[in-house]
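According to numbering that gives the first Met the number 0, the residues represented by the sequence shown are 0 to 497, in order.
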Amino acid sequence: MAGVLLTGQAWGADLTGDWVFQAAPSFPCFTKMAIRQDAAGLHGTITSEWYGDLPMLDLKVVGEGPAGERLVFHIDNGNPKLKPLDLTLAPNGQGVTLTGQVWYEKQEATAHRATAAEMAALDFPTYPLPAPAHVPSNGLARTPPMGWSSWNKFAEAIDDKTVREIADALVRSGLRDAGYVYVNIDDGWQGERGPDGVLHPNAKFPDMKALADYVHARGLKLGIYSSPGPKSCAGYAGSYGHVEQDARTWAEWGIDYLKYDLCSGEGFYHTAETVQAVYQQMGAALVAAGAATGRPIVYSLCEYGRFDVGAWGRDVGGNLWRTTGDIEDSYASMAAIGFDKNGVPHHTGPGGWNDPDMLEVGNGGMTTEEYRTHISLWAMMAAPLLMGNDARSMPRDTLALLGNAEVIAIDQDPLGRQGLPVRKQDGTEVWTRPLADGSVAVGLFNRTDKPMAMTADWPALGLGDHPSVRDLWAHRGVVSGAVHTVPAHGVVLLRATR
Numbered sequence: 000m001a002g003v004l005l006t007g008q009a010w011g012a013d014l015t016g017d018w019v020f021q022a023a024p025s026f027p028c029f030t031k032m033a034i035r036q037d038a039a040g041l042h043g044t045i046t047s048e049w050y051g052d053l054p055m056l057d058l059k060v061v062g063e064g065p066a067g068e069r070l071v072f073h074i075d076n077g078n079p080k081l082k083p084l085d086l087t088l089a090p091n092g093q094g095v096t097l098t099g100q101v102w103y104e105k106q107e108a109t110a111h112r113a114t115a116a117e118m119a120a121l122d123f124p125t126y127p128l129p130a131p132a133h134v135p136s137n138g139l140a141r142t143p144p145m146g147w148s149s150w151n152k153f154a155e156a157i158d159d160k161t162v163r164e165i166a167d168a169l170v171r172s173g174l175r176d177a178g179y180v181y182v183n184i185d186d187g188w189q190g191e192r193g194p195d196g197v198l199h200p201n202a203k204f205p206d207m208k209a210l211a212d213y214v215h216a217r218g219l220k221l222g223i224y225s226s227p228g229p230k231s232c233a234g235y236a237g238s239y240g241h242v243e244q245d246a247r248t249w250a251e252w253g254i255d256y257l258k259y260d261l262c263s264g265e266g267f268y269h270t271a272e273t274v275q276a277v278y279q280q281m282g283a284a285l286v287a288a289g290a291a292t293g294r295p296i297v298y299s300l301c302e303y304g305r306f307d308v309g310a311w312g313r314d315v316g317g318n319l320w321r322t323t324g325d326i327e328d329s330y331a332s333m334a335a336i337g338f339d340k341n342g343v344p345h346h347t348g349p350g351g352w353n354d355p356d357m358l359e360v361g362n363g364g365m366t367t368e369e370y371r372t373h374i375s376l377w378a379m380m381a382a383p384l385l386m387g388n389d390a391r392s393m394p395r396d397t398l399a400l401l402g403n404a405e406v407i408a409i410d411q412d413p414l415g416r417q418g419l420p421v422r423k424q425d426g427t428e429v430w431t432r433p434l435a436d437g438s439v440a441v442g443l444f445n446r447t448d449k450p451m452a453m454t455a456d457w458p459a460l461g462l463g464d465h466p467s468v469r470d471l472w473a474h475r476g477v478v479s480g481a482v483h484t485v486p487a488h489g490v491v492l493l494r495a496t497r
């Protein structure tokens, strides 16, 4: 019945026309809708603060009789994981009521008929994207970035005081000297824009410039977070319509690292061409801001590995690019990403890295052996090492895992080659990674839930019959022909030299 004209007895009034919502849930915060009937049938557009103007897909009348007839449709916000859950419009005597669910948020909002002025006041702005162009390299991230990020442990509950305490903890623990130099504030720092469009931090961050100075004084670097969409993933202000302005603001504050998370931007940019263009736009803005202030900014592309991002990440100025959705603090999540969603190996190397997301080490969802696998696998992949725990209160075993200099050396090897599996058998995997000095890192991974005996076939790996072998977690040399008992979900990480 998609072509039924909504007039007459069933609805009591023609529901085609323009409507404004009095109030709606904050996600995605629907503001207005326009419903039309023409020769092509029934169609409409619904507008939200998160995704702008979205077509009302498969708009149709369902039900029968004055009490049962209603409009049903769904929306596409650009995320392939969003199931096409129905949204429903039903008359309420004064107007219409919208019900349904979008992602996790139940919808219930009423709308009234709108004047042209009301509709115009809620027009959602659109902005042009740049033509394809190459963004010059910023010269940063010659090895995978290392540091700390707030999201995995603190989510939105992050503030200036905590960031300062984390910075002090990285120094006190020795992790700064081990290479963990970035202190990255993820989502939740943003406040409101002023009349001039400048984005200010919220009350939890009273002075970003002072915070950057504090972090820099301790030999560390400060990172920040934004989105190309109107809203960040947690609902804070994104950089939509303010790209160049935000880049200048961050550089003036002294920011050293930007994570640019697609979030609500996927409602606007959901083709390969538009996603690449919007990341190019920020890449160029960061280069310009860095040149003006003398502070180049590491650029992290977080668009969940879509559209073969590693093939063009460098071209838009990126230094690292996510290969996957968000990691969770479980062996299943970590292993699915690390073993199977780790990006295209030849895309990675000095200046640009496949990013399988942050480390969960120390957050409590895995065993020590599983966390050891986590770090070893990330090191073999030449992945960024961004801690996601509370660095202020690390037990000794967590510090030992994160601070192992021999394992960090594998991750930070200047050759920048990503390791690869060379054998998979009965739930075990052997990985190798060539290193700059001619040695080879070898990971013996056990993905089963029981201990497994594993060996390395050194001649098959090109290392002869009796290479010199060192166990990087045991910190000792081992006999080249040794049979290793690898714990369940565990690893033995070796470095071998012919």
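Backbone N, C-alpha and C define an ideal beta-carbon position, used for all residues, glycine too.
Neighbourhood of residue i by C-beta distance below 8 Å, restricted to the same chain and skipping five residues each side
{"i": "T248", "result": "V197 and L198"}
{"i": "A1", "result": "For A1, the pLDDT reaches just 30, beneath the cut-off of 50, and the residue's location in the model is therefore unreliable, leaving the point undetermined."}
{"i": "T46", "result": "F29, T30, K31, M32, D52, L53, L121 and F123"}
{"i": "R494", "result": "E405, I409, L434, S438, V439, A440, V441, V468, R469 and L471"}
{"i": "G178", "result": "M145, L384, I407 and Q411"}
{"i": "V491", "result": "G442, L443, M453, D470, W472, H483 and V485"}
Where the alpha helix (DSSP H) through residue i begins and ends
{"i": "V162", "result": "D159 to S172"}
{"i": "G282", "result": "A271 to T292"}
{"i": "K208", "result": "M207 to A216"}
{"i": "W249", "result": "V242 to W252"}
Residues bridged to residue i [DSSP beta-bridge criterion]
{"i": "I34", "result": "G16 and G43"}
{"i": "P54", "result": "T44"}
{"i": "V477", "result": "V468"}
{"i": "R446", "result": "None, per the DSSP bridge assignment."}
{"i": "I326", "result": "I326 is not bridged to any residue."}
{"i": "R69", "result": "V61"}
{"i": "I223", "result": "L257"}
{"i": "V182", "result": "W147 and L221"}
{"i": "E191", "result": "According to DSSP, E191 bridges with nothing at all."}
{"i": "P433", "result": "V439"}
{"i": "K230", "result": "A236"}
{"i": "V485", "result": "M451"}
{"i": "K152", "result": "Note: K152 sits in no beta bridge, so no partner."}
{"i": "R422", "result": "V429"}
Endpoints, beta strand (DSSP E) assigned at residue i
{"i": "L460", "result": "It is not in any beta strand (DSSP E) - L460 carries neither H nor E in the DSSP assignment."}
{"i": "S375", "result": "Looking at the DSSP string, S375 is not in any beta strand (DSSP E); the run it does join, the alpha helix (DSSP H), is T367 to M379."}
{"i": "V297", "result": "V297 to C301"}
{"i": "A310", "result": "Careful: A310 lies outside any beta strand (DSSP E) and carries neither H nor E."}
{"i": "V197", "result": "Note, V197: premise wrong, no beta strand (DSSP E); not H, not E."}
{"i": "L385", "result": "L384 to M386"}
{"i": "N362", "result": "That residue, N362, is in no beta strand (DSSP E); it is neither H nor E in DSSP."}
{"i": "M451", "result": "M451 to M453"}
{"i": "W352", "result": "W352 to D354"}
{"i": "T347", "result": "Element bounds for T347: n/a, residue is neither H nor E."}
{"i": "R494", "result": "V490 to T496"}
{"i": "W320", "result": "L319 to R321"}
7 Å Cβ shell around residue i - same chain, five flanking residues per side excluded
{"i": "D396", "result": "T367"}
{"i": "G489", "result": "E368, R371, T372 and N445"}
{"i": "D245", "result": "L198, S225 and S238"}
{"i": "A22", "result": "A108"}
{"i": "G289", "result": "N137, A250, P295 and I296"}
{"i": "P466", "result": "W457, S479, A495, T496 and R497"}
{"i": "I184", "result": "S149, I157, V162, G222, I223 and Y224"}
{"i": "L398", "result": "S172"}
{"i": "A168", "result": "A390 and R391"}
Close Cβ partners of residue i (< 6 Å) along its chain, the five nearest in sequence each way excluded
{"i": "F338", "result": "none"}
{"i": "R294", "result": "A250"}
{"i": "T87", "result": "R69, V71, T98 and G99"}
{"i": "M357", "result": "S148, N151, L385 and G387"}
{"i": "Q8", "result": "Annotation note: pLDDT 37 at Q8 (below 50); position unreliable, coordinate value reported separately. Excluding sequence neighbours, Q8 sits near nothing in its chain."}
{"i": "V95", "result": "L88 and A110"}
{"i": "W509", "result": "As shown, the chain starts at 0 and ends at 497. That puts residue 509 outside it, with no answer to give."}
{"i": "G476", "result": "R469"}
{"i": "E243", "result": "A284"}
{"i": "G324", "result": "Y303"}
Closer than 8 Å to chain D by CB, residue i
{"i": "I407", "result": "Included in the structure is just one protein chain, with no chain D present."}
The segment 318 to 325 in contact with the segment 279 to 294 per 3-pair CB rule at 8 Å: no
Inter-stretch contact (C-beta, 8 Å, three-pair minimum) for the segment 377 to 392 and the segment 167 to 179: yes
Inter-stretch contact (C-beta, 8 Å, three-pair minimum) for the segment 349 to 364 and the segment 111 to 124: no
Segments assigned beta strand (DSSP E), at least 3 residues, entirely inside the segment 71 to 150: 86 to 90, 95 to 101, 104 to 112 and 145 to 148
Three or more C-beta pairs below 8 Å linking the segment 411 to 425 and the segment 481 to 489: no
contact_flag[the segment 260 to 274, the segment 228 to 238] where n(CB pairs < 8 Å) is 3 or more: yes
Complete beta strand (DSSP E) runs within the segment 395 to 420 (minimum length 3 residues, chain order): none
Contact the segment 126 to 139 vs the segment 26 to 37: 3+ CB pairs below 8 Å: no
Contact between the segment 296 to 306 and the segment 130 to 146 (3+ Cβ pairs under 8 Å): yes
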